[in-house]
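> Mapping the sequence shown onto full-length UniProt numbering, position 33 (from 1) lands on 33, and the numbers just tick up by one.
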Amino acid sequence: MSRDLDRMNIAIIALGDDPVLLKILETWFVEEWADWYGPGQPGDAREDLEKCLLPNARLPRCLVALDGDGRPLGTVSLRDTSPGSDLYPGAWLTALLVHRDFRKAGIGIKLIAAAEREAARIGFPEILTATATAGSLVLRRDWQQVKTLQSASGPLDIYRKALETT
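As structure tokens, then:
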């Protein structure tokens, strides 16, 4: 069930502001990215999310979009590792995920904008992402494609956006 973003009161918070959300996001990660986080796979969703709770770490960071009742709608992370980070060190937008019930309502764009603001706030001059599926979203936010990588799962496009740091 998709909802109209204009009628939703959406707040974006850091996962550290409500760590109870970690369990929900962990479930979402395992469901969405079973090839990485599923049983017997190399990823550990809980561990990746817990790293976002470290109080003095610049990265990683996890942001969560909530509706007016405090229910999570989607999430995005900033990390220093991602496919391509060996070529372009910096802040990488990763783990962009809007729950299936709330897709096509503009929440992904809102999360990307929040990640851009957060990366600028903590002093990064640019933000990057590697994606096979979200290229149209970042292009709508004026990102530039800089490279295509070949990964085990297929081609990944790398995008970059210059930021105004505060």
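No residue lacks a Cβ here, since even glycine has one placed at the ideal position from N, Cα and C. Note that the coordinates shown come from a computational prediction; the quantities given were computed from them, not determined experimentally.
Closer than 8 Å by C-beta to L111: which residues in its own chain qualify, once you throw out the five before and the five after it? Chain order, please.
I12, L63, A65, G74, T75, V76, L96 and V98
> With a threshold of 7 Å on Cβ separation, who are the neighbours of G38 within its own chain once the five nearest residues in sequence on each side are excluded?
V30
> May I ask you to list the residues that DSSP assigns as paired with E126?
A162
> Starting from W28, follow the alpha helix (DSSP H) in both directions and report where the run begins and ends.
L21 to E32
> With I10 and I107 assumed to form a contact (beta carbons below 8 Å), what rounded beta-carbon distance in angstroms separates them?
7 Å
> Are K161 and E118 closer than 8 Å when you measure CB to CB?
no
> Per DSSP, T94 forms a beta bridge with which residues?
Partner(s): S77.
> Could you compute how far the alpha carbon of A113 sits from the alpha carbon of W143?
11 Å
> Quick check: L93 and C52, are their CB atoms within less than 8 Å of each other?
no
> Could you tell me the boundaries of the beta strand (DSSP E) in which K147 lies?
Q144 to S151
> Give me whichever residues DSSP pairs with A65 in a beta bridge.
I12 and G74
> Residues in the same chain with beta-carbon distance under 8 Å from S153, minus the five sequence neighbours each way, listed in chain order, please.
D35 and A132
> Could you check how far apart the C-beta atoms of G68 and L128 are, in whole angstroms? I think they sit under 8 Å.
About 32 Å; that fails the 8 Å criterion.
> Within 10 Å of its beta-carbon, does D48 have 16 or more other beta-carbons around it, so buried, or fewer, so exposed?
buried
> Considering L49, what are the terminal residues of the alpha helix (DSSP H) in which it resides?
Per DSSP, L49 is one residue of the alpha helix (DSSP H) stretching across A45 to K51.
> Can you name, in chain order, every residue of its own chain whose Cβ lies under 8 Å from the Cβ of G135, other than the five neighbours on each side?
Q145, D157 and Y159
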